[in-house]
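First comes the structure, then the notes that go with it.
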Amino acid sequence: MKFNMAQREALTAYLFIAPLVLGFILWSIGPLLASLGLSFTDYNLLEPPKFILFDNYASLLDDEVFVIAFKNTLLFALVTVPVGLAVSLGLALIMNQGVAGTALFRTIFFIPSVCAVVAIALVWQWIYDSDLGILNYFLSQIGLPKFQWLQDKRLALPSIMVMSIWQGAGYTMVIYLAGLQGVPAQLYEAAEIDGAGAWARFRHVTLPMLTPTTFFLLVVGFIGAFQFFAESYMMTRGGPSYATMSLVYHIYLNGFSYFKMGFASAIAWVLFAVVFVLTMIQLHFGRRWVHYE
Amino acid sequence: MNAPKSSTTLLEMPSSGKSAQVGLGRKAVRSGLRTFGLYVAILLMAALTLVPFLWMLSTSLKVREQLYAFPPEWIPSPVTFESYRVLFDPLPFDIFFLNSLKIAFLALAGTLLACSLAAYAFARLRFPGRDAIFALLLTTMMIPSQVLLLPLFILYKNIGWLDSHYPLWVPAFFGSAFGTFLLRQFFLSLPTELTDAAKIDGCSHFGIYWRIILPLSGPGLATLGIFTFMGSWNSFLVPLIVINKIDLRTVPLGLAALQGSNEIRLNAVMAASTLSILPIILVFFFAQKYFVQGVVLTGIKG
């Protein structure tokens, strides 16, 4: 059989994308559907799975830890993403002033985001240590009492959030910096001629021109924030009294400590559904506030 | 880590001196103050970023007696590398490093190969369903990987991949949506004249990919390579689930194991942390340009 040129090109293309498509089936869509199927069963790896319809989802509502984990994860995302963006934008604005040594400072700010959460958590654990930690030492220098950063129910999650914002700020800053450098200088000149002050220029030129960047960072940031796990695993084991329990941690415990594969899959699908719906909402409303040239 | 207090002055863009009524002297003072404020803000932020790392390094070089000193002492005296030595006694960290390196390089090779082949097809070849398939693949970036963990664990258990390194690098040989997207963006930016000429000379599609596109794509491949290496080196959840045997552990698993252990002192923990981030920081320093380029390429066009 003879192929013409277009057919040969298509055939080559299918061959070239074959590994990727196979990977998509084996490592994405396949497991995604399998976990949906699992979520309707009772399965402990030893006995064959029992089909129990929506029982896992129903019992989620009675599971206090799930409710806490859900709230914690939502809170973590709703705080760390916007605050992280604001901090990074502030950093990027300062870095964009053309001070000497920008490259060096950019490198420094970027370092935390290339490090493993596990390594970062080990260090921050000692920063937060209530007796010997440097944070409490600094506070005691200015006459403040010691805090139980990771042992106090009210402080543990905020402490982890601060660490997480610290770790991610440099990465986001680099993206914002690129966005800032893409804003045409004429816009600022025109605004200045119209008598716009520094704040007005920021509010009416910089921010609107950065909306595509902000939009991208929000979408990606939320997807990432909903997956937080290693921080709690390393620093607090989800405690004290579940104050830092996250959805992924709950999946991990149920699936790989208690081997409740079906129940853990139900949690996983709730996580997926929340991330999916949130992303869709953002994509939908994005059209209203994102300014494209 | 709040926004600087003097933010209104910091927001000012370099202007070309429109306000002529302000005297030159006052203006110079103002701009001097502004620069001073900028540096104070930047240096403060840099200190906040670096202090945890300096603390890590300094602690790793301390002797036992100095570890729990309060107030904390910043400079180790005497300086000792003892903790780097004892670190290897309770846990075989040298093996963890070799494991992590092996997995990271295999993941790197697999990702570059699979993603560049697919990216070439999506960027340069015409075939039915191209855009639909590409769009479908991109949607997988929205799936939190933890959702896939449970069925994959069952799969790995059934094919005997638990307590092996296969789950950590074999998937890389099937590429990733992110990597394909990144390289496709890069390939699209390459000039078409060379490939058109090669086509006229009768070069096959694979020949064009291998002899023209790849040699021109050093920066793109470097960018994806660094991201892949970093992702693999730092990966935690999947290794945590599939690996149990001590000899098969990766560096992050080793670090996590240190934390629960009572025999290991703080200086050793910090020595291990320092060693674990060293390769990543080295890679980052030498390839920073590609790194930033990749962040920007995927960030802006995303």
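One line per chain: the protein sequences are A and B, in this order. Quick note: the first sequence uses the working numbering, first residue 7, plus one each step. Quick note: the second sequence uses the working numbering, first residue 2, plus one each step. For every residue, glycine included, the Cβ atom is placed at its ideal position computed from N, Cα and C.
Around the beta carbon of A:Gln192, fewer than 16 other beta carbons sit within 10 angstroms, so the residue counts as exposed. Residues of the stretch 150-174 of chain B that bring their beta carbon within less than 8 angstroms of a beta carbon in chain A comprise Leu150, Leu151, Pro152, Leu153, Phe154, Ile155, Leu156, Lys158, Pro172 and Phe174, in sequence order. Short of 8 angstroms from the beta carbon of A:Asp61, and not among the five residues preceding or following it, lie these beta carbons of its own chain, in chain order: Asp48. The contact set of A:Ser271 on chain B, defined by CB atoms closer than 9 angstroms, consists of Val148, Leu151 and Pro152 in chain order. For B:Leu126, a Cβ of chain A is located within less than 8 angstroms of the residue's own Cβ. Secondary structure of A:Thr47 (DSSP, three-state): strand. A Cβ-Cβ contact shorter than 8 angstroms links A:Val180 with B:Val293. Apart from the 5 residues on each side of it in sequence, B:Ile278 has no Cβ closer than 6 angstroms to any other Cβ in its chain. For A:Phe57, the three-state secondary structure derived from DSSP is strand. Put simply, the backbone Cα of A:Thr79 is about 8 angstroms away from that of A:Phe234. Residues of the stretch 65-97 of chain B whose Cβ lies closer than 7 angstroms to any Cβ of chain A, in chain order: Tyr69, Phe71, Pro72 and Pro73. Of the other Cβ atoms in all chains shown, fewer than 16 fall within 10 Å of the Cβ of A:Asn10; this residue is therefore exposed.
In this chain, the alpha helix (DSSP H) harbouring B:Leu156 covers Leu150 to Asn159. Residue contact with chain A for B:Gln260: present (Cβ-Cβ distance below 8 angstroms to some residue of chain A). For A:Trp205, the number of other beta carbons within 10 angstroms of its own is below 16, and it is reported as exposed.
The residue among B:Thr181, B:Met143, B:Ser32 and B:Thr50 with its C-alpha nearest the C-alpha of A:Gln103 is B:Ser32.
By the neighbour-count definition (other C-beta atoms within 10 Å, threshold 16), A:Met286 is an exposed residue. Taking B:Leu102 as reference, the option from B:Thr60, B:Lys290, B:Ala273 and B:Met231 with the minimal CA-CA separation is B:Met231. Among the residues of chain B, those whose CB is under 9 angstroms from the CB of A:Leu44 are Leu151, Pro152 and Ile155, following chain order. Rounded to whole angstroms, the separation of the alpha carbons of A:Glu15 and B:Leu126 is 7 angstroms. In this structure, A:Ala184 is the residue among A:Ala122, A:Ala184, A:Tyr20 and A:Phe228 with its C-alpha nearest to the C-alpha of A:Leu97.
Distance from the CA atom of B:Trp211 to the CA atom of B:Gly111, rounded to whole angstroms, is 16 angstroms. Residues of chain B with a Cβ closer than 7 angstroms to the Cβ of A:Ala19 are, in chain order, Ala122, Leu126 and Phe128. Going by beta carbons, B:Tyr291 and B:Thr181 fall outside the 8 angstroms limit. Its Cα nearest to that of A:Ala175, the residue B:Met46 stands out among B:Tyr121, B:Met46 and B:Leu276. Straight through space, the alpha carbons of A:Gly201 and A:Thr18 are spaced by roughly 60 angstroms.
Exposed is the label assigned to B:Ile76, since fewer than 16 other Cβ atoms lie within 10 Å of its Cβ. For B:Gly180, the enclosing alpha helix (DSSP H) starts and ends at Ala178 to Leu189. As summarised for the stretch 146-228 of chain A, the continuous alpha helix (DSSP H) elements at least 4 residues long and confined to that stretch are 162-187, 191-199 and 204-207, given in chain order. Taken atom to atom, the span from the alpha-carbon of B:Pro53 to that of A:Trp172 is near 11 angstroms.
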